[in-house]
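Structure, as structure tokens:
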Amino acid sequence: MNSYRTPGDQIFLVIKGLAMGAANKVPGVSGGIVAFVAGFYEEFIYSLQKVNLKAFKLLINGRFRSFYRYINGKFLGLLIFGMLVSYFSVSRILDYFIARKELYVWAAFFGMIIGSIYYISRGFSWNRKTVISAVIGLIAGISISFLSPARENTNLFFVFLCGIISVSGMTLPGLSGSFILILLGNYVLLLVDSVNALYDTMAEIFRGDFSFLQNQERLNILTILAVFTLGSATGLVTLSHLLSYVLKHFRNITTAIIIGFITGSLGVVWPWKKTMYRMHENGSYILDSEGHRIIQNYERYIPDFSSPETWGAIGFIIFGVLIVLALEWYGRYTKRINT
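All residue numbers for the sequence shown refer to the UniProt record's numbering, where the first residue is 1 and numbers rise by one.
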């Protein structure tokens, strides 16, 4: 792991955290892909693995500096800071563009995933075992893409499980945590309503307004967010130990499964799709507590190549591929500088 980082490296690490946070918020896109392509995936997994019993003993004994060094604190701190900032800034910008230019946003992410597949599979050594592993990953990715979502569930134990499962998007390239939350029925509750409630609460606290303490609905949503965060932290640490083991002992097979899974996930971010929302029997939309329409699923269609909008989307696909190639170039550049 790289213990020394220049100020420029630290700034770029925060930017990577911003990108991971934004990717995790968008259904169908995995923050793990950002980590993989930008060249810090293994350091991310191995740093999370250090959050173990030894780390907690150092913390309890007051050896904070040793704890910080042991868990690669500068790396994790800057990355997580970027993710947190993203949830209140970049992710809100993404929400805005998805609402107004949905086709182009999906097209850009579609291109980024194509670029990621190229990046990961380039120079990869294929044999019978890795081909079979890739096919298994492909089938799993396609299967998840076409599952129908469940209904919203506010049970705190279920919310905790949602946290454990959804954090997979940060640790498993190709598996979108936000799309998993759609399938579990809690995407709007946990990544829209809860985040907005926290944002509004923090804004009120800064103004010296503590009236939210009398708002039972707000307190309930904040409790749900706290349980979800605890579940996410639990999932992040446990999954990192599992991934660290398989990367160490089954590196090629794991990479092949990831390639297949990412390829299968292209169905989730296919740009030309119509969002289907849940509706009442009378034809009106079912809304969440914040008045947002609840996603039911997506209806995919073949693009009309006579439409300028289609060619605009293709341009954004190319733009998405170029973003990944730029990240790859930066990853190679920083490795060369640091060695």
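Positions of the beta carbon are idealized from the N, C-alpha and C atoms, including for glycine. Bear in mind that the values here come from a model prediction, so they are computed numbers and not experimental data.
| field | Cα-Cα separation, L58 to G73 | value | 13 Å
| query | For G235 versus I165, is the C-beta spacing smaller than 8 Å? | reply | yes
| request: Output the distance between the C-alpha atoms of Y301 and W272, rounded to the nearest integer angstrom. | output: 6 Å
| message | In the DSSP assignment, the alpha helix (DSSP H) including T238 goes from what residue to what residue? | response | 216-249
| message | Three Cβ pairs or more, each shorter than 8 Å: is that satisfied between the stretch 44-51 and the stretch 93-108? | response | no
| Residue from F305, R69, T154 whose Cα sits closest to the Cα of I224 | T154
| message | Check this for me: beta carbons of I262 and I117, under 8 Å apart or not? | response | yes
| field | Rounded C-alpha distance that separates F12 from N24 | value | 18 Å
| query | Under 8 Å, do V37 and V324 count as touching if we go by C-beta distance? | reply | yes
| said: Just to confirm before moving on: does the CB-CB distance between G82 and K16 stay below 8 Å? | reply: yes
| request: Please state if the CB of R218 and the CB of A203 are separated by a distance shorter than 8 Å. | output: no
| query | CA-CA distance, Y187 and L181? | reply | 5 Å
| When L172, S125, V167, E152 are compared against G141, the one with the closest alpha-carbon | L172
| query | Cα-Cα, which of A55, F160, S178 is closest to S168? | reply | S178
| said: By the three-class DSSP mapping on this structure, what secondary structure does K16 have? | reply: helix
| Paired residues, beta bridge with residue 351 - DSSP | Absent from the model: residue 351. The displayed extent of the chain is 1 to 339, so no value can be given.
| Are the beta-carbon atoms of T254 and L222 separated by less than 8 Å? | no
| Going along the chain, which residues of its own chain have a beta-carbon closer than 6 Å to the beta-carbon of S145, five neighbours each way excluded? | G267, V268
| Out of curiosity, what's the CA-to-CA distance linking M112 and L94? | 15 Å
| message | If I measure Cβ to Cβ from F212 and keep anything under 7 Å in the same chain, skipping five residues before and after, which residues do I get? | response | T201, E204, R218
| field | For I257 and G137, believed in contact at Cβ under 8 Å, the rounded distance | value | 4 Å
| My guess is that G115 and E152 are in contact by the Cβ rule of under 8 Å, so how many angstroms apart are they, rounded? | Actually they are not in contact, since the Cβ atoms of G115 and E152 sit about 34 Å apart, beyond 8 Å.
| When you compare only the Cα positions, how much space is there between S306 and A313? | 12 Å
| Are G163 and S86 touching if we call contact CB-CB under 8 Å? | no
| query | From M20, R65, F40, I120, pick the residue whose C-alpha is nearest to that of D9; which is it? | reply | F40
| request: For the alpha helix (DSSP H) holding residue 340, just list the boundary residues, first then last. | output: The displayed coordinates of the chain run from 1 to 339. Any statement about residue 340 would go beyond what the structure contains.
| If you draw a straight line from the alpha carbon of L18 to that of L79, how long is it in whole angstroms? | 8 Å
| query | Which one of S89, S121, A55, N52 has the shortest CA to CA distance from E328? | reply | S121
| request: Measure the beta-carbon distance from E299 to K274 and round it to whole angstroms, keeping in mind my assumption that it falls under 8 Å. | output: 5 Å
| message | Let's see if you can read the secondary structure: which residues bound the alpha helix (DSSP H) around T130? | response | 128-145
| field | Cβ pair V51, F160 closer than 8 Å | value | no
| Alpha carbon to alpha carbon, what distance is there between K248 and V195? | 36 Å
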